[in-house]
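Undergrad: In terms of this note's numbering, the sequence shown opens at residue 21 and continues consecutively.
Even for Gly, the Cβ is constructed at its ideal location relative to N, Cα and C.
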Amino acid sequence: MPETNSNLSLNLQHKLSVGNTPLLDLSDLGELSKTVKVLAKAEWANPGGSVKDRAAAGMVIHAFENGNLAEGGTLIDATSGNTGIAYAWIGARLGFKVVLCVPDSVNAERRRILQLLNAELIFTDPLESTDGAICEVRRLIEANPGVYFYSDQYNNPENYRAHYATTGPEVWQQTNESITHFITGLGTTGTFRGTSTFLKEKNADIQVIAVQPDGPLHGLEGIKHMETAIVPGIHDPKLADATVEIRTEDAQALCRRTAKERGLLLGPSGAANLLAALRLGETLSNATIVTVLPDSGEHYLGDNFWDEA
Ligand code: PMP
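1) For K280, count the other beta carbons within 10 Å of its own beta carbon; 16 or more makes it buried, fewer makes it exposed. Which is it?
2) Buried or exposed for E318, please, with buried defined as at least 16 other CB atoms from any protein chain shown within 10 angstroms of its CB.
3) Looking only at DSSP bridge pairs, what is A98 linked to?
4) Using the C-alpha atoms, what's the distance from Y180 back to N27?
5) Considering just the uninterrupted stretch of the alpha helix (DSSP H) at Q194, what are its terminal residues?
6) Comparing alpha-carbon positions, which option in P314, L321 and Y320 lies nearest A106?
7) Return the first residue and the last residue of the alpha helix (DSSP H) that L160 is part of.
8) Using alpha carbons as the reference points, say which of L89, A98 and A128 lies closest to G111.
9) Count the C-beta pairs between the stretch 59–75 and the stretch 149–161 that are closer than 8 Å, then say yes if the count reaches three, no if not.
10) Along the beta strand (DSSP E) that carries V231, what are the first and last residues, could you check?
11) Which residues bound the beta strand (DSSP E) around D45?
12) Give me the Cβ distance between R278 and A262, rounded to the nearest whole Å; I'm assuming they're in contact under 8 Å.
13) Short of 7 Å in beta carbon distance, which residues of its chain neighbour A260, apart from the five on each side in sequence? Order them along the chain.
14) Less than 8 Å between the CB of G210 and some heavy atom of the ligand PMP, yes or no?
15) Would you tell me roughly how many angstroms separate the C-alpha atoms of G39 and S53, rounded to the nearest one?
16) Does the ligand PMP have even one heavy atom less than 8 Å from the beta-carbon of E12?
17) In or out: L120 buried (at least 16 other Cβ within 10 Å) or exposed?
18) When you compare each of F143, N324 and L137 to S125 by their alpha carbons, which one comes out closest?
19) Excluding the 5 residues flanking L284 on each side, which residues of the same chain have their C-beta closer than 7 Å to its C-beta?
20) Which residues bound the beta strand (DSSP E) around L313?
21) Among the residues of its own chain, which have a CB less than 7 Å from the CB of A271, if the five just before and after it don't count?
22) Could you check what DSSP says for L137 in three-state terms: helix, strand or coil?
23) The alpha helix (DSSP H) that contains V80, what's its start and end?
24) Taking just the CA atoms, how far does Y184 sit from V118?
25) Which value, in whole angstroms, describes the spacing of the CA atoms of G115 and N138?
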């Protein structure tokens, strides 16, 4: 019997086992009223170690359903970060090739992980950063028509739909429908858009707040300073009720603090999210604030900020 699309989708979801991450109660890190909770999704619990497993799995499953990608096929995208790792392990699991265009500045640890997961890496001029990598993807697709599935995380609606289908419902259920505020950083904007849209449909009073770095030069890997960045095609600028800015140094200080006081190694973007959630919580009463910890600090062990006083 031919496999229907919904059977195929369930079968692939089962194989990948992405999502259903724990919601940690980190309220006691702030000076909060007893009626306020700050809760955080531990996204490092995904099989590939980050929130990007959700978007990558969503884009891949949709491509399988539409016949744009199949076992033996080849996925291409420009990314050196968590999305690259997500594509690579999902490709290994489902039997397709993964080609990643990455700026030659990508750190040795990241390079090794991607190579061990059998991704093919094409290095581009580090001075042109991700824009150079995107140009190389487009050049390869033009030169080799019909060879690649270009998943294009910045413009693919399946990115935020994955969060609408998984992150949003998980947060709603894990808070027993009591969430009042959702606050998280903007990278491709998939996490913010998909989760916020789902939650606002459940309860229009839920406030959704975007977090961004305080300027174009920052160390909050994975999130963008929207005023100066290339804005992702999937970004919905009308969705956020408010936007807050976080300094890199303040997020890094919280990484050191949560490591010492809670035994939690946070990545810098997760610490920025948590700091924004704690600051918001200090201004409120009767609130349940949820944020996202996109990946673990283990991805950043080579960075100097861990040792600063
Ligand atoms: N933090 C980290 C570490 C990330 O890798 C990403 C993904 N770019 C984000 C935050 C932002 O997530 P999104 O792309 O869904 O906006």
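TA: Quick answer:
1) On the sequence shown, position 260 is the one that residue 280 refers to. Its Cβ having fewer than 16 others within 10 Å, K280 is exposed.
2) By 1-based counting over the sequence shown, the position of residue 318 is 298. Counting Cβ neighbours within 10 Å, E318 comes out exposed, since fewer than 16 surround it.
3) Residue 98 sits at position 78 when you count from the first residue of the sequence shown. Looking at the DSSP assignment, A98 forms a beta bridge with C121.
4) Against the sequence shown, residue 27 aligns to sequence position 7. Against the sequence shown, residue 180 aligns to sequence position 160. For N27 and Y180, the distance between alpha carbons rounds to 22 Å.
5) As a first step, residue 194 is located in the sequence shown; it is residue number 174 there, counting from the start. Looking at the DSSP string, the run of the alpha helix (DSSP H) that includes Q194 is T187 to Q194.
6) Here residue 106 is taken as the residue at index 86 of the sequence shown, counted from 1. For A106, the nearest C-alpha among the options comes from P314.
7) The residue you call residue 160 lines up with position 140 of the sequence shown. Element bounds for L160: S149 to A163.
8) Numbered from its first residue, the sequence shown carries residue 111 at position 91. When each option's Cα is compared against that of G111, the closest is L89.
9) Per the Cβ contact rule, the stretch 59–75 is not in contact with the stretch 149–161 (fewer than 3 Cβ pairs under 8 Å).
10) The residue labelled residue 231 in the question sits at position 211 within the sequence shown. Here the beta strand (DSSP E) through V231 covers Q227 to P233.
11) Here the question's residue 45 lines up with position 25 in the sequence shown. Its beta strand (DSSP E) spans residues L43 to D45.
12) Here residue 278 corresponds to residue number 258 of the sequence shown, with the count starting at 1. Here residue 262 corresponds to residue number 242 of the sequence shown, with the count starting at 1. According to the sequence displayed, residue 278 carries Thr and not Arg. Incorrect: roughly 24 Å between the Cβ atoms, too far for contact.
13) On the sequence shown, position 240 is the one that residue 260 refers to. So the list reads V228, I229 and A230, once near-sequence residues are dropped.
14) Taking the first residue of the sequence shown as 1, we reach residue 210 at position 190. Yes, Cβ of G210 sits closer than 8 Å to a heavy atom of the ligand PMP.
15) On the sequence shown, residue 39 is found 19 positions in, with the first residue counted as 1. On the sequence shown, residue 53 is found 33 positions in, with the first residue counted as 1. Roughly 31 Å between the two C-alpha positions.
16) Outside the modelled stretch of the chain, which goes from 21 to 329, sits residue 12, for which no answer is possible.
17) Start at 1 with the first residue of the sequence shown, and residue 120 comes out as number 100. Counting Cβ neighbours within 10 Å, L120 comes out buried, since at least 16 surround it.
18) One-based indexing of the sequence shown puts residue 125 at position 105. The shortest Cα separation from S125 among F143, N324 and L137 belongs to F143.
19) Against the sequence shown, residue 284 aligns to sequence position 264. T278, listed in sequence order.
20) Counting from one through the sequence shown, the residue named residue 313 turns up at place 293. For L313, the uninterrupted beta strand (DSSP E) run begins and ends at A307 to L313, by DSSP.
21) Residue numbering aside, residue 271 sits at position 251 when the sequence shown is read from its first letter. Excluding sequence neighbours, A271 sits near L240, P288, A291, A292 and L295.
22) Position 117 of the sequence shown, counting from 1, holds the residue named residue 137. In this structure, L137 counts as coil in the three-state DSSP scheme.
23) In the sequence shown, the residue the question calls residue 80 occupies position 60. Element bounds for V80: K72 to N86.
24) Residue mapping note: residue 118 aligns to position 98 of the sequence shown, counting from 1. Residue mapping note: residue 184 aligns to position 164 of the sequence shown, counting from 1. Going by the C-alpha atoms only, they are around 25 Å apart.
25) Looking up residue 115 in the sequence shown gives position 95. Looking up residue 138 in the sequence shown gives position 118. Each residue's alpha carbon lies about 11 Å from the other.
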